[in-house]
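2 protein chains.
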Amino acid sequence: MSNDITAATNQVKKWLSNFNAAIERRDFNQAVNMFEDDCYWRDLVSFTWDIKTIEGQENIRLMLELTVSHIKPRQWQILGEVTSTNGITESWFTFETEVARGKGHIRLKNNKCWTLLTTMTELKGYEEKAGATRSQGVNHGAFKHRKTWLEQKNQEEAELGYSKQPYCLVLGGGQGGIVLGARLKRLEVPTIIIDKNQRPGDSWRKRYKSLCLHDPVWYDHLPYLPFPSHWPIFTPKDKIGDWLESYTKIMELNYWSSTQCTNAYFDQATKEWVVTVNRDGETVVLRPKQLVLATGMSGKPNIPKFPGADIFQGEQHHSSMHPGAEQYKGKKCVVVGSNNSAHDICAALWENDADVTMIQRSSTHVVNSDTVMKHLLGALYSESAVEAGITTDMADMIFASIPYKILPSFHIPIFEEIAKQDADFYQRLEKAGFLLNFGEDGSGLFMTYLRRGSGYYINVGASELIIEGKIQLKSGTNIDHIKENSVVLTDGTELPADLIVYATGYQSMNTWAAELISQEVADKVGKCWGLGSGTTKDPGPWEGELRNMWKPTLQEALWFHGGNLHQSRYYSQFLALQIKARCEGILTF
Amino acid sequence: MSNDITAATNQVKKWLSNFNAAIERRDFNQAVNMFEDDCYWRDLVSFTWDIKTIEGQENIRLMLELTVSHIKPRQWQILGEVTSTNGITESWFTFETEVARGKGHIRLKNNKCWTLLTTMTELKGYEEKAGATRSQGVNHGAFKHRKTWLEQKNQEEAELGYSKQPYCLVLGGGQGGIVLGARLKRLEVPTIIIDKNQRPGDSWRKRYKSLCLHDPVWYDHLPYLPFPSHWPIFTPKDKIGDWLESYTKIMELNYWSSTQCTNAYFDQATKEWVVTVNRDGETVVLRPKQLVLATGMSGKPNIPKFPGADIFQGEQHHSSMHPGAEQYKGKKCVVVGSNNSAHDICAALWENDADVTMIQRSSTHVVNSDTVMKHLLGALYSESAVEAGITTDMADMIFASIPYKILPSFHIPIFEEIAKQDADFYQRLEKAGFLLNFGEDGSGLFMTYLRRGSGYYINVGASELIIEGKIQLKSGTNIDHIKENSVVLTDGTELPADLIVYATGYQSMNTWAAELISQEVADKVGKCWGLGSGTTKDPGPWEGELRNMWKPTLQEALWFHGGNLHQSRYYSQFLALQIKARCEGILTF
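Residue numbers (my numbering), protein chains in the order written: chain A, 32 to 620; chain B, 32 to 620.
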């Protein structure tokens, strides 16, 4: 170990030991004094039983006062190698609480804590069985009338939801529901996942034909069963659908396909949800203790109402219903919107010899796929990261260790560099009339995604078609009204149209709560997603974390789960631990 | 690095460099002189395009003379850390030939080579794409009329076997066929796997109900997609069936289920096989260049013909057709045989309240499952091996590095220790009348498996039932004849019987060649499996490798593939490389 590393290690060791001593003797003045003035403590379930970033010394003091005496944190130990760069010392550590084990990350500046991440990794006594603790698979010996694995599985499938109630019900069996279901299975929480489609993976299969994941494979692993090393970088939609289907079977999830929730309410007297579902024609009433909405981070499709839509003679549909481009050869197609789906659909229409016009209503953040891979994800999620020994778990934790408040300050310089490097591309795009932005504060793709879940295009080829005029562009305008065979724009242009695609996004996740439960519950819970940044579509006040995601909401026993594959993977573990704790009667405050 | 390791490393480095120099200048005297008198060179495809152990200096000289000038071996480099224990220095190394890269293992004794293993890992220019060379998944950009992943997949499935011929046809889609299919897929060799069952995995699902793998999970991984870390130690049959089915889909194999081969012959003129198959009612004639029999390491069921079998009023079937024990409650059951299947079936019958008698015709090797795990597999295939950093690849190579000729000398002391440790168990078993052996030379389980593919029971509970008399035992006897409601043994005993199970094993693999191709081809190829050890069911002469397995046979373009999951995994890579080389027109002599 070099002298620098030894010094840094001693610095962290001393900080952890002093901090531990201070909170053990309840000396919160001393504890808080060990943080910088500008400080952030991000806690994922371990101290707060919530997902929270506590900002500033006074809030940290308050949190410590509220939690330490029953959480009983202890055993702070450095994990792995301490690093020190540009005056910031970074270290991993482990710790324990009364009921759980945890893993954390710390950044020290001037010997004080600048950022602290504490995450729960497992509940004591309820550890997932793996490796040396895996099950035997069969009991060696002779046992009268033993049940085989298949018989036990068939029995569980026959009983759960009928003679036995699931502890947890997950509405929605896309990636989010499946991954959460896998974690709950490993934690032995009786769970049913329901999904309206026939087969797991159909939520991907049913999207437009040309769709591929926009995120690269290293970012997309599911827990427990990583993609094999030959898996393509950008998974085509049907392939990810098949993977999800195999995964559901391999993880032995209780997955009810062809099942729709018609109604749900929380019975205050019994503290149970009463959920009516239609399972392939049969009505089943389920009474789970916990209900998770995993119906996608998007809510219901957002379809603008234009005058004349009812008299349009052609075909019109929301992007979520778009079947693919082949059948529109030679047709005049108008696509409203300028985010990922709009671009993908326009490109596929051009590839299939349609005449296509994109209506860009407002400015869009565009960034090249290669550039994202290189500048934004490469350090954590790439083949070179794998080669450098950065596992998916480590990458996820490093990613999680930067509080959202200061994340823009990390991303603004990256996007300044991107704007410079791809300047020629951006100039040509603007010359074609495209309205560009880099996020309101220049912080780019990921912040835009966190703030509003939309508003961007990761360029995989459509931007070049716009530059070359192959996708025709009408920007800074909107449909004013629709006629029998055309759309008339607000600038007066009339475009002949056989097809209108509304790539106009989705409403908030909690529109599902309104539809499936009640408007009252939806209103009580409030908006989902967004940080409260005060930017477009993300009104304040500042929340510091994604609203209502993966954590307790104002409706008892109701949870929201969603996001991309990375978020589904990482945050599902904290949601699963919260549900497991409740299942086992562990106090969660 | 300690001084010892430095010295050992220098010793290996010097050996490799001198050996390389000697064969570069074709000084085979010098090269051969670098081996011990008692020496073994095991080559898996890299020098000999065959699977061969060359024993002794003179045979090694002959092999070098025959191969070096066209194989052009070079670049011998130490890989990883050299170790030295009890006068044996061991090292991994890499090397190259004109057409391939390889990996090897060497043991030096008195500065000379005692054992050498050379294996081909990849063909130059035909490396499997993975990690940094994985495919993009989608071509970014815009392309007129591009085909999606699903369209390409559907097209391949529609064409292969009809308008396009597979280069390779694999008969049998159990673990062997599936694993080989996966390797050929990764090597881009157009391949069809056919199987008579409806679904991949059915060859396991259809076996007797209580069956679980007798080998532990660490020994059973399939290539490319290891079991997740919570996978049970002993996989139940239906679970391994489901895994194989998911694996087949994930690896995108061209798997024709519900398909049976009715006839195959090699067309000398076109150098093609002409294979007639019945695909779910449709007759299809396939013309592959290579034909692999992966119909199981066992041939057709071996059903002894006892006088009176035709007048028996009860039920009688071979163990391969045994449905499970439940329906035999209260019935009198006679099980002929005393290997794994016989024991498993007897135990399940007892568990389901049948009256069961085992007929042990000759002595059997029995070893406790826990003991096998601890003493035989533990060092290479166990959780502690995983924790010690021994990957499956490394374990397979270490296992492969011990030539079969000297393997008994490694195993005899292990089984002496086992006999001592489990002495009480063995005494009680013998006291119950059970006829025990440890292999003819005391070398135990694995040698017995290699020599005859049967003859043993890995005890998972049935031996205790025999000891306690719950499974009744008649040993050293056989059925003399069968009456309407009983069997009469050679010792005169008459046993009332409602059910007779013939757990009497299987014929040689090449019975499949006789049935599907011709007796002439089967005779030309000769016996499969066995080492030529001159022990029971393994007649000499000494072969040094498993006969006809995974290597060229006397019938051009006909291959045999099979064995347990470990062998299917490890040896399929060499079979796949041999087939790939032929597919690409690489000279293979």
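Virtual Cβ for every residue (Gly too), placed ideally from N, Cα, C.
Residues of the region 478–497 of chain A with a Cβ closer than 9 Å to any Cβ of chain B, in chain order: Asn490, Val491, Gly492, Ala493, Glu495 and Leu496. Interface flag for Leu256/B against chain A is set, since a Cβ pair is found closer than 9 Å. Taking all protein chains in view, the Cβ of Ala528/A is crowded by 16 or more other Cβ atoms within 10 Å, so the residue is classified as buried.
If you draw a straight line from the Cα of Thr84/B to the Cα of Trp573/B, it comes to about 11 Å. Contact annotation, His396/A with Leu476/A: C-beta distance approximately 6 Å; criterion of less than 8 Å satisfied. Considering only beta carbons, the part of the region 160–171 of chain B lying closer than 7 Å to chain A consists of Lys160, Ala161, Gly162, Ala163, Arg165, Ser166, Gln167, Gly168, Val169 and His171, in chain order.
For Gly135/A, the enclosing beta strand (DSSP E) covers residues Ala131 to Lys140.
Under the Cβ criterion (8 Å, minimum of three pairs), the region 285–292 of chain A does not count as touching the region 41–49 of chain B. Of all residues in the region 387–407 of chain B, those with a C-beta nearer than 7 Å to a C-beta of chain A are Ser400, reading in chain order.
Inter-segment contact for the region 536–555 of chain A and the region 377–397 of chain A is absent: fewer than three beta-carbon pairs are separated by less than 8 Å.
Per the C-alpha coordinates, the member of Thr479/A, Asn64/A, Asp273/A and Leu496/A positioned closest to Trp235/A is Asp273/A. Listed in chain order, the positions of the region 257–269 of chain A with a beta carbon within less than 7 Å of a beta carbon of chain B are Pro259, Ser260, His261, Trp262, Pro263, Ile264, Phe265, Thr266, Pro267 and Asp269.
Measuring C-alpha to C-alpha distances from Phe337/B to each of Glu418/B, Tyr533/B and Ala419/B identifies Tyr533/B as the nearest.
Pairing Lys320/B with Glu303/B gives a Cβ-Cβ distance under 9 Å. Proximity of chain B to Phe174/A at the Cβ level (cut-off 8 Å) is accounted for by Glu382, in chain order. Annotation for Asn399/A: the continuous beta strand (DSSP E) segment containing it runs Thr395 to Asn399. Taking a cut-off of 8 Å on C-beta distances, the region 268–288 of chain B touches the region 269–288 of chain A, as three or more cross pairs fall below it.
Flagged as an interface residue toward chain A: Leu244/B, by a C-beta distance shorter than 9 Å. With a beta-carbon spacing of about 6 Å, Leu496/A and Trp381/A fall inside the 8 Å limit used to define contacts. An exposed status is given to Gly571/A, since fewer than 16 other beta-carbon atoms sit within 10 Å of its beta-carbon.
When secondary structure is reduced to three states using DSSP, Ile119/A falls in the strand class. When 7 Å is used as the limit between beta carbons, Lys280/A is near these residues of chain B: Asp273 and Ser277, in chain order. Closer than 9 Å to the CB of Ser241/B there is at least one CB belonging to chain A. In the DSSP assignment, Trp560/A falls outside any beta strand (DSSP E), carrying neither H nor E. Chain B has a Cβ within less than 9 Å of the Cβ of Arg217/A.
Lys611/B sits in a helix when the DSSP states are folded into three classes. Proximity to Gly507/B across Ala463/B, Met540/B and Gln538/B peaks at Ala463/B, based on C-alpha coordinates. Closer than 9 Å to the CB of Glu418/A there is at least one CB belonging to chain B.
For the options Arg105/A, Asn34/A and Thr567/A, the alpha carbon positioned closest to that of Arg56/A is the one of Arg105/A.
For Ala534/B, there are no C-beta contacts with chain A under 8 Å, since the nearest C-beta of that chain is about 17 Å from it.
The CB of Ala325/B never comes closer than 9 Å to any CB in chain A; the least such distance is about 22 Å. Look at the beta carbons and you see the region 34–42 of chain B not touching the region 237–248 of chain A: under three pairs across the two are nearer than 8 Å. Taking the Cβ atoms as the reference, Gly203/A lies roughly 7 Å from Leu324/A, within the contact range of under 8 Å.
For Lys134/A, no Cβ of chain B is located within less than 9 Å of the residue's own Cβ.
Residue pairing from DSSP places Ile224/A in a beta bridge opposite Val201/A and Tyr286/A.
The three-state reading of DSSP puts Leu618/B in coil, since its state is none of H, G, I, E or B.
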